[in-house]
Amino acid sequence: MPGRTLSKWVAAMVAIMTLGAGAAMADGAVLTGTVSYRVRIMLPVTANVRVQLLDVSLADAPAKVLGETTAEGASPPYHYVIAYDPSDILPGHRYAVSARITDGDELLFISTTQHAVFGDGPDATDIMVERVVKQDLPDASAVGEWVAEDIAGGGVIDYAQTTLTIAADGAVHGSGGCNRFSGSATIDGSALRFGPMAATNMACTPAQMDQEQKFFAALGKVAAFRLDRTQGKLVLLDDGHDELVVLAAL
Numbered sequence: 239m240p241g242r243t244l245s246k247w248v249a250a251m252v253a254i255m256t257l258g259a260g261a262a263m264a265d266g267a268v269l270t271g272t273v274s275y276r277v278r279i280m281l282p283v284t285a286n287v288r289v290q291l292l293d294v295s296l297a298d299a300p301a302k303v304l305g306e307t308t309a310e311g312a313s314p315p316y317h318y319v320i321a322y323d324p325s326d327i328l329p330g331h332r333y334a335v336s337a338r339i340t341d342g343d344e345l346l347f348i349s350t351t352q353h354a355v356f357g358d359g360p361d362a363t364d365i366m367v368e369r370v371v372k373q374d375l376p377d378a379s380a381v382g383e384w385v386a387e388d389i390a391g392g393g394v395i396d397y398a399q400t401t402l403t404i405a406a407d408g409a410v411h412g413s414g415g416c417n418r419f420s421g422s423a424t425i426d427g428s429a430l431r432f433g434p435m436a437a438t439n440m441a442c443t444p445a446q447m448d449q450e451q452k453f454f455a456a457l458g459k460v461a462a463f464r465l466d467r468t469q470g471k472l473v474l475l476d477d478g479h480d481e482l483v484v485l486a487a488l
């Protein structure tokens, strides 16, 4: 092959390789990981294992979904590959992956701790989810273990589980989504009042702290409760019987 022709051929191949690399970058990037749970049960064939990549930087807005996929596998750990656009990853922002397992409209499992990615440490892409149990409530009592599904009409964020445990003697403890808390409650029929709560003082993402503050503020306004035995829901109400927090039985 003459020297000039060879030079042209090499230049053409370099151009093709450069274009190919550019196309691959334009297509985005991927995160890979697994979703697992500790209980020894098989999911129904209709279950969906959904994983999301979230921008969790904003405290006063829902997390922004940057990518979403369905994890695959016959049994846990379920493997996922979630695609995202690298240009969406901005300096100074916080990112996390979250997972939930549903069967139709029923929530079966949810991730309860933050799995941070694109931060200072390794990407936490192996997600352990916790079981959410829907059960009939045996009587009209707020006593039990609960997880928040809605706070002040704003929903909840997937990766920050807000929990509430009310004991028969009125002792109360749980997690606001970041910090553990404890205190007491007074129950008289359908009337319910929470006393002051003592809490730890950890710092979490702005979104977690915002959810936690709204939850603590709601507890201070609670005057009554309503139970939905069939759905296993506890609804905390204010003096006007407007809904403050909706919780599901754990």
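Taken in order, the sequence shown gives residues 239 to 488; the numbers are from this note's numbering. Backbone N, C-alpha and C define an ideal beta-carbon position, used for all residues, glycine too.
Annotation: residue 369 to residue 350 spans about 10 angstroms, alpha carbon to alpha carbon.
For residue 311, DSSP assigns no beta-bridge partner whatsoever.
By the criterion of at least three beta-carbon pairs nearer than 8 angstroms, the stretch 321-332 is not in contact with the stretch 475-483.
Distance from the CA of residue 400 to the CA of residue 484, rounded to the nearest whole angstrom, comes to 11 angstroms. Take the alpha-carbon of residue 482 and the one of residue 396: they are about 19 angstroms apart. Not a single unbroken stretch of the alpha helix (DSSP H) spanning 4 or more residues falls wholly within the stretch 337-384.
In this structure, the beta-carbon distance from residue 444 to residue 295 falls below 8 angstroms.
Residue environment for residue 286: exposed (fewer than 16 other C-beta atoms within 10 angstroms of its C-beta). The C-beta distance from residue 292 to residue 334 rounds to 5 angstroms, short enough to meet the 8 angstroms contact threshold.
Among the bridge pairs identified by DSSP, residue 412 is matched with 402, 419. By the C-beta density criterion, residue 404 is buried, having at least 16 other C-beta atoms within 10 angstroms.
In terms of Cβ geometry, residue 314 and residue 273 form a close pair [threshold 8 angstroms]. With a 10 Å radius around the Cβ and a threshold of 16 neighbouring Cβ atoms, residue 339 comes out buried. Take the alpha-carbon of residue 343 and the one of residue 279: they are about 19 angstroms apart. The DSSP assignment places complete beta strand (DSSP E) segments of no fewer than 3 residues inside the stretch 418-468 at 418-426, 429-432, 462-466, in order along the chain. Take the alpha-carbon of residue 437 and the one of residue 323: they are about 39 angstroms apart. Contact between residue 416 and residue 440 holds: their C-beta atoms lie close to 6 angstroms from each other, under 8 angstroms. Going by beta carbons, residue 458 and residue 419 fall outside the 8 angstroms limit.
Within a 10 Å sphere around the beta-carbon of residue 379 sit fewer than 16 other beta-carbons, which makes this residue exposed. One Cα belongs to residue 463, the other to residue 269, and the distance between them is close to 43 angstroms. It is roughly 15 angstroms from the alpha-carbon of residue 353 to the alpha-carbon of residue 306. If you draw a straight line from the Cα of residue 345 to the Cα of residue 359, it comes to about 30 angstroms. Each of 365, 361, 414 was checked against the Cα of residue 387, and the nearest Cα belongs to 414. For residue 391, the CB contacts under 8 angstroms within the same chain, skipping 5 residues up- and downstream, are 481 in chain order.
Beta-bridge annotation (DSSP): residue 289 is paired with 307, 337.
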